[in-house]
Amino acid sequence: MISDADAPKKLHKNEYIKTDSNYLRGTILEGLSDSLTGQVADDDTQLLKFHGIYQQDDRDLRNERRKQRLEKLFSFMIRVRVPGGVSTSEQYLAMDHLCDTYCNGTLKLTTRQAYQVHGVLKHNLKTTMQGINKAAMDTIAACGDVNRNVMCNPNPHQSELHADALKVASDISAHLTPQTGAYHEIWLDGEKVESSEEEVEPIYGKTYLPRKFKIAMAIPPSNDVDVFAHCLGYIAIVEDGRLVGFNVTVGGGMGTTHGKKATYPRLADVMGFCTVDQAVAVAEAVVKVQRDHGQRADRTHARFKYTVDDHGVDWIRDKVEGYLDFKMQPARDYSFDSMGDRYGWVEGPDGKQNLTLFIENGRVNDFGDLKIKTALREVAKIHTGDFRLTANQNMIIANIDPAMRGQIEAILSENGLDDTYVKSGIRLNSMACVALPTCGLALAESQRYLPELVTRLESELEQVGLKDEPIVIRMTGCPNGCARPFMAEIGLVGKAPNRYNLYLGAAFDGSRMSKLVKESASEDEIVEVVKPLFGRFAAEKESEEHFGDFLIRAGVVAPVKVARTDFHD
Ligand code: SRM
Ligand code: SF4
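Numbering that gives the first Met the number 0 puts the sequence shown at residues 0 to 568.
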């Protein structure tokens, strides 16, 4: 066990940036008004993240700009927080409008139920942020070393308890939102509050958290939010038809670095049970444990998963209870059956209609005859319910007035999104991170390439009669894990241009990670490995058995039991 005293003493430079930032102000305002450059000062790029903004440059244009001795083409990505993924039609229309007016025209639905826009030039940042605010949304804490967007199963048809769970998720999100006035001052022209008393961040303090912090809430049997991949998770426990509380999980996370064995993805452990009324207090206590005991010297070891792994769950529970006036109860029974979305039309308990639409890799745009962006815009103009983002980058048009169903179906069908527009089980369970051209960390393509690879795999699956088989496939352009690839039955992690590490064998319900089977594989090599496995699966599959489970049963891959020791082997 590593104690806090063993931790190296020299703090990471970001800790000083936070401390000296005057609660996340830095010199952001000055940087915005400097018209000589499209970027902001280095330290401010770190602080901007807490405001939901990333400085980026178009990597497709880097070489050309370099040849012309021009500054990189800097622009900004803005991530809009949507607790539980629920937004109104008006908010959707506002995102659509901003995306066309100040951004690159594509709206991105993220793996954590948020909206992202890319390509905002510095001089348009403030106007775009004000547009987001006008739509009653914000971006504070969408990124940065704080708690991020709190995820929750967004599908109102799946449970009458959904609204209760969503309320808890929203309360946690609100409770953990940073209190600094910086956001208001910088983006919304808020008056600077002159006071002799120093501003306080009651939960975070001046240095916020050592690293990003993520919370998700799952409502069994659906594990659509991938609860075990999060720092803190809540698994809803329902007794006699009532939400009585949550099993609380701690220490999940995906990010890893190629070749660095001290980094690894980790599945969360169940720490105990708390009641509905205790859920917010538990979140605050867990965040405080990470604030006080998380590593602040080495950012590659600063996520909560390492604090949990270094000290053990019992130690964490003990510390958490130190901040509470109650004890965690023993965990209760639950079971998950999948982590995917349930597509198509379903009627909710209140008679309202809900439609889950597949949006490939969360990219909302018009692609030839498939006019996703046009369709969603036209639906938003008439829809009186809401738009719900899923953790699988899809969209639920929710709470549809039954009288409007025909009109909505007609709009979708006119724009290429009829019931049959996606034809395979593997595509419906595919997910890719953004990667190129905007992500500065991408080593390989992801969302621009996965659809092509899936087409090839679809044809292999069709040949062995598995066209409709739901197989979870996820790709990322680097090992940071933004599309949670290590949780996928087929995980592909970018290593270099056109080369991916191939992972196999995760559980369909999100309870087991995949194992590395081939490093730096080309497309042909990926197909070479999985093709015979599809054949064997078709021939030997037990009824209801999923691909990942089959690979373990057949001894093709060994299950990853303790990520710290056997993930890289
Ligand atoms: Fe992520 C960094 C995109 C979900 C782990 N992620 C990034 C950045 C901001 C790159 C950067 O730091 O410069 C990417 C911006 C790309 C772009 O151009 O938009 C980026 N991450 C995304 C999104 C948009 C992927 C997507 O296609 O949907 C997801 C936004 C979610 C949201 O709405 O908040 C996204 N990122 C995730 C997830 C999945 C999750 O949380 O469920 C993970 C893995 C879980 C985890 O955190 O452990 C994830 N992103 C990372 C990491 C690795 C963190 C680590 O522990 O090492 C980084 C890099 C970092 O933080 O240093 C990163
Ligand atoms: Fe970028 Fe890597 Fe995240 Fe993909 S996984 S968006 S390449 S940081």
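We treat Cβ as the ideally placed atom computed from N, Cα and C, and that holds for glycine.
All values derive from a computational prediction rather than experimental measurement.
- When the beta-carbon positions are compared, GLY509 and MET270 stay at least 8 Å from each other.
- For the pair PHE357 and ASP340, the Cα-to-Cα distance works out to about 9 Å.
- Apart from sequence neighbours up to five positions away, the residues of its chain that approach LYS466 with a beta-carbon distance below 8 Å are LYS422, SER423, GLY424, GLU457, LEU460, ordered along the chain.
- Scanning its chain for C-beta atoms nearer than 6 Å, with the 5 sequence neighbours on each side dropped, one finds around ASP56 the residues LYS71, LEU72, PHE73, in chain order.
- Taking each of ASN146, PRO484, ASP418, PHE485 in turn and checking the Cα distance to VAL285, the smallest one comes out for ASN146.
- Apart from the 5 residues on each side of it in sequence, CYS477 sits with its Cβ closer than 6 Å to the Cβ of LEU440, ALA441, LEU442, GLY493 in its chain, given in chain order.
- The straight-line gap separating the alpha-carbon atoms of LYS121 and GLU468 is approximately 46 Å.
- Non-local beta-carbon contacts of VAL275 in its own chain, meaning distances under 8 Å to residues more than five positions away in sequence, involve ASP163, VAL167, LEU242, VAL243, GLY244, PHE245 in chain order.
- Nearest to ALA330 by alpha-carbon distance, out of PRO177, ALA215, ASP268, is ASP268.
- Secondary structure at PHE536: helix, using DSSP grouped into helix, strand and coil.
- Residue list for the ligand SF4: CYS432, VAL433, ALA434, CYS438, LEU440, ALA441, THR475, GLY476, CYS477, ASN479, CYS481 (CB closer than 5 Å to any heavy atom, chain order).
- LYS517 is bridged by DSSP to LEU501.
- With fewer than 16 other Cβ atoms inside 10 Å of its own Cβ, ASN497 counts as exposed.
- Going by beta carbons, VAL116 and CYS142 fall outside the 8 Å limit.
- Look at the segment 335-405 and you find these whole runs of beta strand (DSSP E), each 3 residues long or longer: 343-346, 352-356, 385-388, 394-399.
- Excluding its 5 nearest sequence neighbours in each direction, GLU320 has C-beta neighbours in its own chain below 6 Å: LYS326, listed in chain order.
- By the CB criterion at 8 Å, ILE395 and ARG404 fall outside the cutoff.
- In the displayed model, SER445 falls within coil according to three-state DSSP, outside both helix and strand.
- Distance from the CA atom of LEU427 to the CA atom of ILE470, rounded to whole angstroms, is 9 Å.
- If you draw a 10 Å sphere on the C-beta of GLU14, you find 16 or more other C-beta atoms in it, and that means buried.
- In this structure, CYS230 and LYS304 form a Cβ contact; the two beta carbons are roughly 7 Å apart against a cut-off of 8 Å.
- The C-beta of ASP41 has fewer than 16 other C-beta atoms within 10 Å across all chains shown, which makes the residue exposed.
- For LYS466, no beta strand (DSSP E) encloses it, and the DSSP letter there is neither H nor E.
- Contact check for GLU283 against ILE202 passes: the beta carbons are separated by less than 8 Å.
- A distance criterion of 7 Å places the beta-carbon of ASN353 beyond contact range of the ligand SRM, judged by its closest non-hydrogen atom.
- About 4 Å separates the CB atoms of MET150 and ALA215; that is less than 8 Å, so the two are in contact.
- SER513 is a Cβ neighbour of GLY490, given a cutoff of 8 Å.
- Secondary structure at ARG511: coil, using DSSP grouped into helix, strand and coil.
- Residue pairing for SER74: DSSP places it in a beta bridge opposite GLN55.
- The Cβ neighbour count for PRO264, taken over all protein chains shown within 10 Å, is at least 16; the residue is labelled buried.
- The DSSP-derived three-state label of HIS117 is strand.
- Exposure of LEU69 is indicated by the presence of fewer than 16 other C-beta atoms within 10 angstroms of its C-beta.
- Going by DSSP, LEU97 is part of the alpha helix (DSSP H) stretching over 88-100.
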